[in-house]
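Residue numbers (this note's numbering), protein chains in the order written: chain A, 1 to 112; chain B, 113 to 225. Here a beta-carbon is modelled for each residue, glycine too, at the ideal position from N, C-alpha and C.
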């Protein structure tokens, strides 16, 4: 049972344009959401997060949007750069459980 | 500061052999996690420890998998006997107690032929 789903395995975007990565979840108890970025031959690294009490969090070129009613979150990258090419994982957790559930990942390619 | 250290980085073994993956968490981190990455399921949590004690091993696929954390600076994930379907990248991660974030190691790419 996949509680966190990233339905797009890959995404290709032109440099300078917006990249939108999507994530859906099924468990309404999730109250904290994170995005991780992974380059080849490296472990995932934290990118940005959002609490369920917010609907938007912005950090430079990266913005995460949360729609609780739709159980959906998205990561926007504007403008996209070739160095953003990586695998992006969405993750969700329930406070005080210690568990962080990841999605399958979306491979983003930003073309120069 | 050294991050999470995993060894080996690559492991190729034949079906039926025992495989042991190793992890050294970040000093001071009380929680340690083992994840497996596959194309179909992404990053799956296999087991996690808090203060060296296994808290949740519900993600361990079957009895062929076992994990230990004998002290705060070392953990192992063992597969015995290994099977081709175990081929994946295995990540170790650590975090301070109560933190949702994870600090991942570089992973071990396991290939079972």
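In terms of Cα proximity to residue 157 of chain B, the closest of B/137, B/173 and B/164 is B/173. Three or more beta-carbon pairs drawn from the region 102–109 of chain A and the region 4–12 of chain A are found closer than 8 Å, and the two stretches are therefore classed as touching.
The beta carbons of residue 208 of chain B and residue 140 of chain B sit about 7 Å from each other, so the pair counts as a contact at 8 Å.
Just measuring C-alpha positions, the residue of A/93, A/67, A/85 and A/100 sitting nearest residue 19 of chain A is A/85. Residue 31 of chain A has its alpha-carbon roughly 5 Å from the corresponding atom of residue 94 of chain A. Residues of chain B with a Cβ closer than 8 Å to the Cβ of residue 54 of chain A do not exist, since the nearest Cβ in that chain sits about 15 Å away. As the crow flies, the alpha-carbon of residue 193 of chain B is around 19 Å from that of residue 169 of chain B. DSSP places residue 220 of chain B in the uninterrupted beta strand (DSSP E) bounded by 220–224.
At least one CB of chain B lies nearer than 8 Å to the CB of residue 93 of chain A. Residue pairing from DSSP places residue 5 of chain A in a beta bridge opposite A/24. Judged by DSSP in its simplified three-state form, residue 154 of chain B adopts strand.
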